[in-house]
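Working notes, beginning with the structure itself.
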Amino acid sequence: VQLQASGGGLVQAGGSLRLSCGVSGSIFSLSDMGWYRQAPGKQRELVATITTDGITNYADSVKGRFTISKDNAKSTVNLEISSLKPEDTALYYCNAKFRRLVNYWGQGTQVTVSN
Numbered sequence: 729v730q731l732q733a734s735g736g737g738l739v740q741a742g743g744s745l746r747l748s749c750g751v752s753g754s755i756f757s758l759s760d761m762g763w764y765r766q767a768p769g770k771q772r773e774l775v776a777t778i779t780t781d782g783i784t785n786y787a788d789s790v791k792g793r794f795t796i797s798k799d800n801a802k803s804t805v806n807l808e809i810s811s812l813k814p815e816d817t818a819l820y821y822c823n824a825k826f827r828r829l830v831n832y833w834g835q836g837t838q839v840t841v842s843n
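In our numbering, the protein residues as written are 729 to 843.
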């Protein structure tokens, strides 16, 4: 199983990005998917999740600005992020929770927001 995240970059405050994570292997349809982030010196935190049934959940800090979605045909989970703030700067990780028991992680994609 491999998770490949992409789409990060350097943007100005107020800008937007679209992160994508492709999942190889046969776990996608049986996995809740999520995005987490870790800023320097801080613990990894949940950003957004989407269940196998399409139910979404967001951290309070990103509600209204971030949107998680998935494409079952492409085994891909996306994160649309807008109205970016400097405090959104972090390494963003894709997560797959297979059968809600086993966690798989991608390598992370860097998002840097400048003032």
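For each residue, glycine too, the CB sits at the ideal point set by N, CA and C.
Do Tyr832 and Leu738 have their C-beta atoms within less than 8 Å of each other? Within the sequence shown, residue 832 is the residue found at index 104, counting from 1. Within the sequence shown, residue 738 is the residue found at index 10, counting from 1. No, they are not a contact pair.
I need the boundaries of the beta strand (DSSP E) containing Phe794, first residue and last residue. Within the sequence shown, numbered from 1, the residue matching residue 794 stands at position 66. That run of the beta strand (DSSP E) goes Phe794 to Asp799.
Compare the Cα-Cα distances from Tyr820 to each of Leu758, Ser752, Thr777 and Gly742 and report the closest residue. Here residue 820 corresponds to residue number 92 of the sequence shown, with the count starting at 1. The shortest C-alpha separation from Tyr820 is found at Thr777.
Going straight from the alpha carbon of Thr837 to that of Asp760, what length do you get? As a first step, residue 837 must be located in the sequence shown, where it is residue number 109. As a first step, residue 760 must be located in the sequence shown, where it is residue number 32. Their backbone Cα atoms lie some 20 Å apart in a straight line.
Do you know how far the Cα of Val830 is from the Cα of Leu747? To locate residue 747, count along the sequence shown from 1; it is residue 19. To locate residue 830, count along the sequence shown from 1; it is residue 102. The straight-line gap from Cα to Cα measures roughly 23 Å.
With a threshold of 8 Å on Cβ separation, who are the neighbours of Ile755 within its own chain once the five nearest residues in sequence on each side are excluded? As a first step, residue 755 is located in the sequence shown; it is residue number 27 there, counting from the start. These residues qualify, in order along the chain: Val729, Ala824, Phe826 and Tyr832.
Taking only three categories from DSSP, how would you classify Ser757? Locating residue 757 in the sequence shown gives position 29, where the first residue counts as 1. Helix.
Please give the ranges of any beta strand (DSSP E) in the stretch 760 to 827, keeping only runs that are unbroken, at least 3 residues long and fully inside the region. 773 to 778, 784 to 786, 794 to 799, 804 to 809 and 818 to 826
Beta-carbon proximity of Tyr764 to Glu773, cut-off 8 Å: Start at 1 with the first residue of the sequence shown, and residue 764 comes out as number 36. Start at 1 with the first residue of the sequence shown, and residue 773 comes out as number 45. Yes, they are a contact pair.
Could you tell me if Lys798 is buried or exposed, where buried requires 16 or more neighbouring beta carbons within 10 angstroms of its beta carbon? Taking the sequence shown and counting its residues from 1, the one referred to as residue 798 is at position 70. Its Cβ being crowded by 16 or more others within 10 Å, Lys798 is buried.
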